[in-house]
Amino acid sequence: MIAKIGGRRNDGKTSFRSLAKYINSFRHGIDPETGEVTSGAVAVRTNCLSEDTAWIEMWGTSVRSKRTKDPVMHLVLSWSEGECPTDDQAFDAGKFALAAIGLEGHEYLSAVHRDTDNAHLHIMVNKVHPDTHRVPKMSYSKFTLDKAMRQIEIDQGWKHDNGPFSVKEHEGKKSIDWTYTSAANRLKARKGTRADLPEKARQFEVHSGNESLASYAKGPPKDDAKALMESAKASWQALHTILATHGLELRPANDRNNAFYVASVNDPAQAPIKASAMGLGGGKLIKQLGPYEPLEARYFDRETLENQNYSKHRPLRDPTKRADNREKRAKERAELRGKYEGFVVEWKAMKAPAKAELGKV
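Encoded structure:
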């Protein structure tokens, strides 16, 4: 399980009303505009008087605390793909998480959303307590939430995700402890998970253990694109072709066709990455290749051209392990070469007498 504290608006604030509207959306399975019955109904639970008045009650409580500039907190608890918690399990997990960070007894509105591959629980909670009108200290909330996720996984029987805390098992008993024994080890591991990646991609790799689209694109696809751009064969169609061999597609990011992003053809649900992350910035491409040219299908048959595709289920490659494997293979090649050279010496020595006899004839 993963717990995430939601972000704020561009003005640095949040709104009880707008967040409640999002969390409450389609809770009756009826489109509010068309009246159409949908399959997106969500289960909602609150400790306020009702789901409809929850945001008003929270706002009324929050104004009693003049020192609190932003009383809204948005939490998202997400289960791994394939895990289907019941509504009660999801709500119990939410209450446990709130208690863990010191918000037990605070007004909340929560809803179970199942509109993606990962079931998740949205929680809107008022940081201002309804009785004391004070905000508790919530230092290190991200770490506390991660530890709470491990406990919920144990209690409800879910798969253990990776994070600051891990589940350790000894003699059949499970316990929760820091994943890394020191800050140095944590930094070392962070470097291994490509800290240069976008935050969402890095979090995906840390929590799933699988390769992100950003990591995939920065590997052989980036190398091949770079080699093309440094050759005399560089053109828009050649670039489209190179990316297509890796199951990727270059698309304009705006109507001016001066900025681009790279997307997965076979997994369009994956968020695309900036083309500049692959060294394919818009300014550079236009300067070298001229005005943008869209893909012309006549240049190739995508089905026969693709030799590799991105998959979010592909395990992340460990850079350290890859380096060790390269060193191991190099050592094995050196040993094999040594054996071969030794064999050649022995073979020549064995054949020398016969060769000498032939020379006398």
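When the letters of the sequence shown are read in order and numbered with full-length UniProt numbering, they come out as residues 1 to 361. The beta carbon of each residue, even a glycine, is placed where N, CA and C say it ideally should be. As the structure is a computational prediction, the values presented were derived from the model and not from experiment.
Item	Value
Taking 9 Å as the threshold (C-beta atoms), are A275 and Y261 in contact?	yes
Who pairs with A3 in a beta bridge, going by DSSP?	L77
Report the option in V345, N126, H240 and A269 whose CA atom is closest to the CA atom of L289.	H240
Since Y72 and K4 are thought to touch, with beta carbons under 8 Å apart, how far apart are those beta carbons, to the nearest angstrom?	Note that residue 72 is Val in the sequence shown here, rather than Tyr. The Cβ separation is near 15 Å, so there is no contact.
Within 10 angstroms of the Cβ of E211, are there 16 or more other Cβ atoms? Answer buried if so, exposed if not.	buried
What residue range does the alpha helix (DSSP H) around W236 cover?	W236 to A244
Would you verify that the beta carbon of T61 is, or is not, closer than 9 Å to some beta carbon of chain C?	Going by chain labels, chain C is absent from the structure shown, which holds only one protein chain.
What runs of the alpha helix (DSSP H), each 4 residues or longer, lie entirely inside the stretch 127 to 194?	141 to 156 and 183 to 192
State yes or no: is the C-beta of V112 within less than 9 Å of the C-beta of P85?	yes
In chain order, what residues of the same chain have a beta carbon less than 6 Å from the beta carbon of L103, not counting five sequence neighbours either side?	V125
Could you name the residues of the same chain whose beta carbon sits closer than 8 Å to that of Q237, not counting the 5 residues immediately before and after it, in chain order?	E293, L295, E296 and Y299
Candidates R45, Y22 and I2: which alpha carbon is nearest E81's?	I2
Note down the Cα distance separating E249 from K226, rounded to an integer number of angstroms.	15 Å
Is it true that the CB of S110 sits closer than 9 Å to the CB of R45?	yes
Under a Cβ-count criterion, where at least 16 other Cβ atoms within 10 Å of its own Cβ denotes burial, should G283 be classed as buried or exposed?	exposed
Ends of the beta strand (DSSP E) at S276?	Where S276 is concerned, there is no enclosing beta strand (DSSP E), given that its DSSP letter is neither H nor E.
Under DSSP, the beta strand (DSSP E) around A43 begins and ends at which residues?	A43 to T46
State the start and end residues of the unbroken alpha helix (DSSP H) segment that holds S62.	A54 to S62
Beta-carbon separation of F16 and S50 under 9 Å?	no
Can you tell me whether N24 is buried or exposed, with buried defined as 16 or more other CB within 10 angstroms of its CB?	buried
I'd like the list of long-range same chain contacts for K174, defined as Cβ closer than 6 Å, with 5 residues on each side in sequence excluded.	I154 and V167
For K159, is the classification buried or exposed, using 16 other Cβ atoms within 10 angstroms of its Cβ as the cut-off for buried?	exposed
Kindly list the residues whose CB is nearer than 6 Å to the CB of P136, restricted to its own chain and excluding five residues on each side of it in sequence; keep chain order.	G102
What residue from G94, P268, A244 and D115 has the CA that sits closest to N47's CA?	G94
Label S215 either buried or exposed according to how many other C-beta atoms from any shown protein chain fall within 10 Å of its C-beta, with 16 as the threshold for buried.	buried
Is N257 helix, strand or coil when you go by DSSP?	coil
Using three-state DSSP, classify I23 as helix, strand or coil.	helix
Quick one: what does DSSP say A271 is sitting in, helix, strand or coil?	coil
How many Å lie between A349 and K233 at the Cα?	52 Å
Inspect the beta-carbon positions of A100 and T144 and report whether they are closer than 9 Å.	yes
Taking the alpha carbon of P198 as the point to measure from, which residue in E169, A90, I273 and T181 has its own alpha carbon closest?	I273
Which one or two residues does DSSP pair with R337 in a beta bridge?	Its beta-bridge partners do not exist; DSSP assigns none.
With DSSP collapsed to three states, give me the class of S215.	helix
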